[in-house]
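Note sheet for the following structure.
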Amino acid sequence: MDAAPFPKSIRNVEYLVTKKGAHRLHERLTNYLVLTSCISMAATIAMTGKCEWNSSTSIGIEGSALDHLRLAIPLLGPMQAAIGACTLGSITIPVTEIEPSPAPTGDNPQRPILDAFGNSLSPIFVEYYETHRSWLEERGMKISDWPTSIAFGRVIRNAMSHGNKIKMTDKKQKPVNWRSLKYDISDHDKAVYGVGCDLFILEVILLMFDMSKELDDLGCPIEP
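The sequence shown begins at 47 in our numbering and counts up one residue at a time.
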């Protein structure tokens with residue numbers, strides 16, 4: 047995670063786009079962007095004594111398991127919207143393909159601040175999952191019949207509420223998979239979310255979008 051520009055960028059793969067009143071992730075993503083802006087501004091002022099952001103200032107978030115991808119999180123717009131007591135009309139976050147970075151070795155001196163960025167996303171993901179879990183259950187959908195990303199999200203939600211470690215003890219529980227990741231009961235107690243784990247901020251944001259697409263396919267309303 048570092049400041050723009052991004053010299054390792056190869057090309058834009060896609061854009062994550064939400065619009066107010068038209069996407070179930072818009073308010074949730076807005077909240078995360080505001081939190082990211084607050085943490086980034088505090089860290090910038092603490093280190094440099096000033097904050098000279100402009101409309102193009104963003105923070106780069108690289109993947110863990112998806113180590114060839116990077117998000118560019120805007121910093122100034124979300125903060126301005128929060129201060130002005132208004133909601134962003136739309137959000138566009140580019141997903142860029144990059145050259146994979148070597149895995150870090152030893153202690154990461156940025157670990158505390160990275161943990162702050164990651165921990166602020168956890169409650170947003172848990173609320174997102176729980177809101178739509180109720181909708182699935184009201185329609186009598188068995189967990190075994192849930193779409194791939196949502197079933198995977200259930201395991202990650204449980205991990206986030208148990209020290210970020212997978213809790214899979216039921217021998218009848220089916221393996222879950224999402225993109226390049228797959229977990230089963232042999233992964234019980236494995237740390238899966240956080241710095242150095244399979245999933246961190248980029249993976250969870252992409253997972254939320256994939257879950258949203260599956261909810262759309264099931265006919266779930268934006269506000270169930």
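For every residue, glycine included, the Cβ atom is placed at its ideal position computed from N, Cα and C.
This structure is a prediction, so every number in the text was calculated from the model and none was measured.
What is the residue span of the beta strand (DSSP E) that residue i lies within?
i    : result
S104 : S104 to E108
R116 : L115 to P120
T133 : Taken as a continuous stretch (DSSP letters only), T133 belongs to no beta strand (DSSP E), as it is neither H nor E.
Distance, Cα to Cα, residue i vs residue j?
i    : j    : result
A88  : M214 : 38 Å
P158 : G209 : 16 Å
D161 : G186 : 37 Å
I271 : E173 : As displayed, the chain neither begins before 47 nor continues past 270, which places residue 271 out of reach and without an answer.
V141 : R203 : 23 Å
Q156 : V250 : 20 Å
A49  : R179 : Note that A49 scores a pLDDT of 39, beneath 50, so its modelled location is shaky and nothing firm can be said.
P51  : I119 : Because P51 carries a pLDDT of 40, less than 50, the predicted location of this residue cannot be relied on, and the following value inherits that uncertainty. Going from the Cα of P51 to the Cα of I119 covers about 12 Å.
D256 : R225 : 10 Å
C243 : L227 : 12 Å
I believe residue i touches residue j by the beta-carbon criterion, under 8 Å. Please report the beta-carbon distance rounded to the nearest angstrom.
i    : j    : result
T76  : L134 : 5 Å
L121 : S83  : 5 Å
Starting from residue i, follow the alpha helix (DSSP H) in both directions and report where the run begins and ends.
i    : result
Y78  : H72 to T94
G164 : R157 to N165
S258 : I247 to D263
Q) Below 8 Å, can you find three or more Cβ-Cβ pairs linking the region 105 to 120 to the region 186 to 204? A) no
Q) Which ranges does the beta strand (DSSP E) cover as unbroken runs of at least 3 residues, wholly within the region 170 to 228, from first to last along the chain? A) 222 to 224
Q: Flag this pair as touching only if the region 132 to 148 and the region 162 to 172 have three or more C-beta atom pairs under 8 Å; answer yes or no.
A: no
Q. Is there contact between the region 260 to 270 and the region 56 to 70, where contact requires at least three CB pairs shorter than 8 Å?
A. yes
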